[in-house]
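See below for the structure under consideration.
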Amino acid sequence: MGVPDASGDLSSEMEVDAFRRLFPLRYFERHLSESIRPDARPLGRARDTTLALGAVASAHGSALAKIGSTTMLAAIKMEVMTPSTESPEEGSIAIDFHMPPICSPIVRPGRPAEAAPVISKQLSDTISSSGMINLKELSLVSGKAAWMAYLDIYCLDADGALFDAALLSAVGAFSHLQIPIVSLNDDGKIVLVSEEDDGTKLEDEPVNKEKRKLTLSSIPFSLTCILHKNYILADPTAEEESIMETLVTVVLDSSSRLVSFYKPGGPVLAQTSAVQDCVALTRQRVKDLQDILDETISGMEID
Amino acid sequence: MASKGGAAPSTYTPARTPTNKAQRPPFFTDSDVDWTRSDGRGFHQCRSAFFRTGAVNSAAGSAYAEFGNTKVIVSVFGPRESKKAIMYSDKGRLNCNVSYTTFATTVHGQGSDNKEFSTMLHKALEGAVMLETFPKTTVDVFALVLESGGSDLPVVISCASLALADAGIMMYDLVAGVSVSCLGRNLIIDPILEEESFQDGSLMITCMPSHYEVTQLTITGEWSTANLNEAMQLCLDACSKLAKIMRSCLKDAASPSKD
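Now the structure itself:
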């Protein structure tokens, strides 16, 4: 900013790109006052969202979610564990969110992004408290063996609203999950039953023949908004998140019940009306996301 | 949930019943054997290659490569300021990192940095990049193997050179990498994971086909001289074909923006 008389008039003379870099906040506020964002979206609209199931063949369930250019790849691997004594009939879910160095210029190898463990925790809290998955369905032999579902989500491209995309990919991976058929052998170990032999020469009965899919009830969906002055911007990009720092993430389930609400500080204090507006925007978004999920699943069944 | 018990309970992947275990193909002393590869390819036939540039928007350049089940993303950042306190250099630095996702392999939780591949990637690209065009700065090449399906390193190297080209980093030529496995007297090109697990020896060449220059050549295991010569020729031929596919991918990406 070496120009001494950097005043308001400068904006008309300067090239748009230079203005955007030098005065990012003013650049955005000029757009907001016209009720439009630099990527031509109205304030309350989310970016184009796609979901694809079965992206990773080496996993038992996987999904690739894209919101704008934010891309998340989620995959579930099922392993067997001995259930804890206090809940012998329940399996378990371990969720991990990764931001590898490929996803953003900020992340470098050996120095993991600060955001990753935060989102990791938010995701496991949201998924466990939404009651989407009944952990009893992950049980194999009561007290002896149960499934441990390792859900790993990788951010392939970070361009804002990471939690929303991560949650969508997690939901996608769970709805794509095909639990392998297994049986209990004489040593008390769980072994895979290959699908070809159809139980003809099997000495051990499969223990989970009917339990290949999880029943997902009350699926959580989320929307992140930016609060800036009196504006509410839905589904921010990385650039918007870096300039305007007050974020609000609302998670609702498919029947519009509030699962969780995050407002991790920030310079703008949320008015009650702003909170209500965020929830209203999320309610609209949940319908769209539910449609996207339903369409993706029915698309898979046709194939 | 997982966090309840404090330490994570020890888990295991249910094993296949031993009867269906993948066996090394029946052994052969002749070079003509009646054995087909599990994916139906001929011994000297590569998997069909798919490349796409611009996979990651936040990177300066990026590429996605898919060879059968081997799926790789490479992002390139920079040239940017060298972060580490390093000696002054008129040349630029190339910083490479290869990591695996936790679900890339059949066993869960092996995903992490692969130091060996990182060095190999660096050595394979170093000779092709015009380091003097970005003095005092660093270009970062980060690769993530989304799914490992065999011949991971050559795919990472080819994909990385494409990502560098996408980022506009000056190179003498694209680097294409191909590996060959030796099984008894037979040579199989572009091996999948299962074939790599029972190979006697392996050879990988990364080269710049238009220059006819090799940037990296690794040979491991047991080889006869005749086999070695044949394998190198096979690799070089496959590299030049691969480079054509990579080049057409770059052209495709560039052409729509013109009109």
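Protein sequences appear in the order of chains X and Z.
-5 is the number of the first residue of the first sequence in our numbering; add one for each residue after it.
202 is the number of the first residue of the second sequence in our numbering; add one for each residue after it.
The beta carbon of each residue, even a glycine, is placed where N, CA and C say it ideally should be.
Here DSSP, grouped into helix, strand and coil, assigns Met294/X to helix. Under the DSSP assignment, Gln116/X falls in the alpha helix (DSSP H) whose first and last residues are Ala109 to Ser124. Two segments are said to touch when three or more pairs of C-beta atoms, one from each, lie closer than 8 Å; by this definition the stretch 347 to 366 of chain Z touches the stretch 385 to 395 of chain Z. Contact between the stretch 256 to 264 of chain Z and the stretch 298 to 313 of chain Z is absent, with fewer than three C-beta pairs closer than 8 Å. Contact check for Ser163/X against Ala68/X passes: the beta carbons are separated by less than 8 Å. Straight through space, the alpha carbons of Arg14/X and Ala40/X are spaced by roughly 22 Å. By the criterion of at least three beta-carbon pairs nearer than 8 Å, the stretch 89 to 102 of chain X is in contact with the stretch 133 to 151 of chain X.
Listed along chain Z, the residues sitting closer than 8 Å to Tyr148/X by beta-carbon distance are Thr302, Leu345 and Leu347.
For Leu45/X, the enclosing beta strand (DSSP E) begins and ends at Thr43 to Leu47. Your pair Leu134/X and Val187/X does not check out as a contact, with CB atoms roughly 12 Å apart and the cut at 8 Å. At a cut-off of 8 Å between beta-carbon atoms, Val176/X makes contact with chain Z. Chain X has a Cβ within less than 8 Å of the Cβ of Asn258/Z.
Apart from the 5 residues on each side of it in sequence, Leu418/Z sits with its Cβ closer than 6 Å to the Cβ of Ile406 in its chain, given in chain order. Trp141/X has Val74/X as its beta-bridge partners, per DSSP. Of Thr307/Z, Ala361/Z, Phe278/Z and Glu431/Z, the smallest CA-CA separation from Thr339/Z is found for Phe278/Z. When C-alpha distances from Phe215/X are compared across Gln116/X, His92/X and Ile237/X, the shortest belongs to Gln116/X. Excluding sequence positions up to five before and after Pro82/X, its CB lies within less than 6 Å of the CB of Ser136 and Gly137, all in the same chain and listed in chain order. Taking a 10 Å sphere around the C-beta of Arg281/Z, we find fewer than 16 other C-beta atoms and assign the residue as exposed.
Annotation: Arg206/X to Met72/X spans about 12 Å, alpha carbon to alpha carbon. Under DSSP, Lys60/X takes part in a beta bridge, and its partners are Thr44/X and Thr65/X. Closest in C-alpha terms to Met126/X, from the list Ala59/X, Ile213/X and Trp141/X, comes Ile213/X. For Glu414/Z, the three-state secondary structure derived from DSSP is strand. In the structure shown, His309/Z adopts coil according to DSSP, grouped into three states.
Contacts between Pro82/X and chain Z, judged by CB atoms closer than 9 Å, are missing: the closest CB pair is about 13 Å apart. In this structure, Ala140/X lies away from Ile70/X, with their beta-carbon atoms at least 8 Å apart. Looking at the DSSP output, Tyr213/Z shares a beta bridge with Val74/X.
The beta-carbon distance between Ala167/X and Gly55/X, rounded to whole angstroms, is 5 Å. This is short enough to meet the 8 Å contact definition. Of the candidates Thr43/X, Leu47/X and Ser254/X, Leu47/X places its Cα closest to the Cα of Glu295/X.
Interface criterion met: the Cβ of Ile274/Z is under 8 Å from a Cβ in chain X. Close CB contacts of Ile274/Z within its chain, under the 6 Å cut and outside five residues either way in sequence, are with Ala256, Tyr265 and Leu345 (chain order). By the CB criterion at 8 Å, Leu283/X and Thr64/X fall outside the cutoff.
Contact fails between the stretch 218 to 236 of chain X and the stretch 237 to 257 of chain Z, because fewer than three Cβ pairs, one in each stretch, are under 8 Å apart.
Asn298/Z has a beta carbon lying within less than 8 Å of a beta carbon in chain X. Measuring C-alpha to C-alpha distances from Val379/Z to each of Leu332/Z, Val357/Z, Cys450/Z and Asn315/Z identifies Val357/Z as the nearest.
Looking at the backbone, the Cα of Ser123/X and that of Gly38/X are separated by about 27 Å. Per DSSP, reduced to three states, the secondary structure at Cys297/Z is strand.
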